[in-house]
Amino acid sequence: MASRAAASLLLCAGLALCCLAWPAHAQIASTAPQGPRLSFDIISQSYQFNENERLSQLSTPISLRLPVGQRSVLSLHTTSALTSGPGVPTFGGIGDVRINGASRIAIGPGDLVLGARVSLPLGSTELTPERFQTTVLFSRDHFQFRTPVYGQALSIAPSVLYAFPLGENVALGVGFRYHYRDSYRPVADMEDAFNAGDDIAVTAGLDVRLARSWDLSLDAVYTWYDEDAVGDQSIFAAGDQLIAGASITGRFGMNQLILSGRYRERGRPEIPQLDGSFVPALRTVSDFVTGRLAFVAQPTGWLSLEGRLGGRFYDASDITERLDLVDVGVLPRVSVSEEISLRGRFIYTAGTFAGFEAGVGISAVLR
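Numbering follows my numbering, in which position 138 of the sequence shown is assigned residue number 143; successive positions increment by one, without gaps.
Below is the structure:
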C-alpha cells in the first residue's frame with residue numbers, strides 16, 4: 006500500500022481537483038448544471054430483527070448541489086439523526102459533512118473526469134460504549150439506515166476516470182480512486198486513536214444503447230483495503246471486495262421501466278500477528294445479491310409515481326444468519342413549480358426481519 010508521504014501528495018492533488026468520479030460516459034453527458042439545488046428530507050426507519058429487539062431512527066439529510074461553470078459540479082451533504090436500539094435510550098447526533106464534486110475535461114474522443122470526495126470530521130464521536138455498539142449494529146448494510154454512523158475521521162478520496170465512446174451506441178469508462186482515512190476516537194476515553202485502513206479501487210463501466218428506447222449499463226468496482234490500526238498496532242485486515250452491477254432501462258413516452266441487479270463478494274478478513282503472519286478473523290461482512298424492478302409513471306407533467314419491488318439475499322457470516330428480504334415501495338413526486346418539487350417514499354421490508362422506511366422531502370432550485 007502507498008506510504009503516508011505518497012498519500013499526502015494524493016490528498017493535495019485531490020483537494021485541488023475538488024471533484025467526485027465514477028459516472029459512465031452517457032451519465033456524464035446528462036449532468037449539465039441547472040442551477041444550485043437544495044434538498045431536505047425527513048426519513049423514519051424502523052426494523053424488528055428479533056422477537057423483542059427493534060432498531061429505529063429518524064434522519065434529516067440535507068444536501069446542496071452547486072454548478073461550477075459548465076463542466077463542474079460541487080455538492081455538500083450532511084445529516085442528523087435520533088437513534089434507538091436494544092437497551093439504549095434514544096440518542097442524537099450529527100454526521101460528518103461530505104463534499105463531492107465532478108469536473109469534466111474533453112480529451113480526444115471522450116471525457117476525463119477528475120474528482121475527490123472529502124468528509125470533514127464535524128460529526129459526533131467519542132460515544133459511550135453502549136451507544137458505539139448500537140451504531141455498529143446500525144451500520145450493517147442490510148438495514149440500509151440513512152445515518153449508519155455519526156462522526157468519523159477526516160477522509161479524502163481523489164479519483165480519475167476516462168469515459169469514451171466505442172461506437173455510436175456504446176461507451177466505456179475506466180477509473181481509479183485512492184481513499185485516505187485519518188485516525189479518530191469512536192469511543193470515549195480511548196487511549197489510542199483508531200485508524201481505518203486506506204483503500205484503493207479500480208472501476209469500469211459500460212453503457213450500451215440496445216434500441217431507441219432501451220439502454221443497458223454494466224459496472225464493476227474492485228477494492229483493496231489496508232490494515233486497520235489502533236495507535237501504531239495493526240489489528241485487522243479486511244479482505245478485498247468486488248461489487249458488480251447491471252441495469253436495463255426502457256422508456257415508454259414519459260414513463261420508465263428499470264430492472265437492476267448487484268452482486269458483492271468480500272474476501273476473508275485476517276488479524277495481523279506480531280511476527281508478521283496472519284490468522285483468520287471473524288467474517289462480519291456478507292456477500293450478497295440484490296435485484297430491483299421499478300416502474301416510474303408520469304401521468305402529468307407535475308406528478309410522477311414510482312412503484313418498486315426488490316429482493317436482497319445475504320449469505321450467512323460469522324455473526325449473522327442468512328438473510329432473505331423483499332422490499333415493496335411507492336415513491337411519489339409532485340412538482341409544485343419549475344423550481345420546487347415535493348417527494349415522498351414508503352418502503353416496506355419483509356422476510357428474515359421486517360420493517361419500513363417512510364419519508365417526505367423537498368427539493369428547490371435556487372435562482
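Just so you know, even glycine gets a beta-carbon here, dropped at the ideal spot from N, CA and C.
Pull up the distance between the alpha-carbon of Val141 and that of Tyr268, whole angstroms please. Start at 1 with the first residue of the sequence shown, and residue 141 comes out as number 136. Start at 1 with the first residue of the sequence shown, and residue 268 comes out as number 263. Distance between the alpha carbons of Val141 and Tyr268 is about 23 Å.
Beta-carbon gap between Ala332 and Arg313 smaller than 8 Å: For the purposes of this step, residue 332 is taken as residue 327 along the sequence shown, with counting starting at 1. For the purposes of this step, residue 313 is taken as residue 308 along the sequence shown, with counting starting at 1. First, the residue type needs correcting, since residue 332 is Asp and not Ala in the sequence shown. Yes.
If you scan the segment 70-127 from start to end, which runs of the beta strand (DSSP E) of 3 or more residues do you find wholly inside it? 77-83, 85-90, 93-99, 102-112 and 115-125, all fully within the segment 70-127.
Looking only at DSSP bridge pairs, what is Leu262 linked to? As a position in the sequence shown, residue 262 is number 257, starting the count at 1. Bridge partners of Leu262: Gly255 and Phe300.
Any chance the segment 317-336 sits against the segment 166-178, with 3 or more Cβ pairs inside 8 Å? Because the criterion of three Cβ pairs below 8 Å is not met, the segment 317-336 and the segment 166-178 do not touch.
Is the beta carbon of Ala78 less than 8 Å from the beta carbon of Ala107? Taking the sequence shown and counting its residues from 1, the one referred to as residue 78 is at position 73. Taking the sequence shown and counting its residues from 1, the one referred to as residue 107 is at position 102. Checking the displayed sequence, the identity of residue 78 turns out to be Val instead of Ala. In this structure, Ala107 lies closer than 8 Å to Val78 by Cβ.
Using the rule of at least 16 other Cβ atoms within 10 Å of the residue's Cβ for burial, across every protein chain shown, is Ala243 buried or exposed? Indexing the sequence shown from 1 puts residue 243 at position 238. Counting every other CB atom within 10 Å of its CB across the protein chains shown gives Ala243 a total of 16 or more, marking it as buried.
Measuring only the C-alpha atoms, how far is Leu328 from Thr295? The sequence position of residue 328 within the sequence shown is 323, counting from 1. The sequence position of residue 295 within the sequence shown is 290, counting from 1. The alpha-carbon atoms of Leu328 and Thr295 are separated by roughly 11 Å.
Would you identify the three-state DSSP class for Glu135, choosing helix, strand or coil? To locate residue 135, count along the sequence shown from 1; it is residue 130. Helix.
Exposed or buried, which one is Leu308 when buried takes at least 16 other CB atoms within 10 Å? Here residue 308 corresponds to residue number 303 of the sequence shown, with the count starting at 1. The residue in question, Leu308, is exposed, as its Cβ has fewer than 16 Cβ neighbours within 10 Å.
With DSSP run on the structure shown, which of helix, strand or coil describes Phe169? To locate residue 169, count along the sequence shown from 1; it is residue 164. In the three-state scheme derived from DSSP, where H, G and I count as helix and E and B as strand, Phe169 is classed as strand.
Helix, strand or coil: which one does DSSP assign to Ser8? Numbered from 1 along the sequence shown, position 3 holds the residue referred to as residue 8. Confidence is the limiting factor: at Ser8 the pLDDT is only 35, short of 50, which leaves the residue's position unreliable and the question unanswerable from this model.
Express the C-alpha separation of Ile248 and Arg317 in angstroms, rounding to a whole number. Taking the first residue of the sequence shown as position 1, residue 317 is located at position 312. Taking the first residue of the sequence shown as position 1, residue 248 is located at position 243. As the crow flies, the alpha-carbon of Arg317 is around 14 Å from that of Ile248.
Going by the DSSP bridge assignment, what does Thr208 pair with across the sheet? Within the sequence shown, residue 208 is the residue found at index 203, counting from 1. In DSSP, Thr208 forms a bridge with Gly180 and Val226.
For Phe143, which of helix, strand or coil comes out of DSSP? The sequence position of residue 143 within the sequence shown is 138, counting from 1. Note: Phe143 maps to helix in three-state DSSP.
Quick check on Ala201: does DSSP put it in helix, strand or coil? By one-based count along the sequence shown, residue 201 stands at place 196. If DSSP states are grouped into helix, strand and coil, Ala201 belongs with coil.
In whole angstroms, what is the alpha-carbon distance linking Gln246 and Gly97? In the sequence shown, the residue the question calls residue 246 occupies position 241. In the sequence shown, the residue the question calls residue 97 occupies position 92. One Cα belongs to Gln246, the other to Gly97, and the distance between them is close to 32 Å.
Continuous alpha helix (DSSP H) assignments of at least 4 residues falling wholly in the segment 264-351: As far as the segment 264-351 is concerned, it has no whole alpha helix (DSSP H) run of at least 4 residues.
Compute the Euclidean distance between the alpha carbons of Leu159 and Phe150, then round it to the nearest angstrom. By one-based count along the sequence shown, residue 159 stands at place 154. By one-based count along the sequence shown, residue 150 stands at place 145. Cα to Cα, the separation comes out at about 21 Å.
Are the beta-carbon atoms belonging to Pro41 and Leu60 less than 8 Å from one another? For the purposes of this step, residue 41 is taken as the residue at position 36 of the sequence shown. For the purposes of this step, residue 60 is taken as the residue at position 55 of the sequence shown. Going by C-beta atoms, Pro41 is not nearer than 8 Å to Leu60.
What's the call for Arg109, buried or exposed, on a 16-neighbour Cβ count within 10 Å? Walking along the sequence shown from the start, residue 109 turns up at place 104. Classification for Arg109: buried.
CA-to-CA distance, Ile67 to Val207, given in whole angstroms: Indexing the sequence shown from 1 puts residue 207 at position 202. Indexing the sequence shown from 1 puts residue 67 at position 62. The alpha-carbon atoms of Val207 and Ile67 are separated by roughly 29 Å.
Check whether the segment 227-234 touches the segment 260-267, taking contact to mean three or more Cβ pairs, one atom from each stretch, closer than 8 Å. No contact exists between the segment 227-234 and the segment 260-267.
Straight-line Cα distance separating Thr305 from Ser188: As a first step, residue 188 is located in the sequence shown; it is residue number 183 there, counting from the start. As a first step, residue 305 is located in the sequence shown; it is residue number 300 there, counting from the start. Those two C-alpha atoms are separated by around 51 Å.
Counting beta carbon pairs with one atom in the segment 129-136 and one in the segment 109-120, are three or more of them shorter than 8 Å? Because the criterion of three Cβ pairs below 8 Å is not met, the segment 109-120 and the segment 129-136 do not touch.
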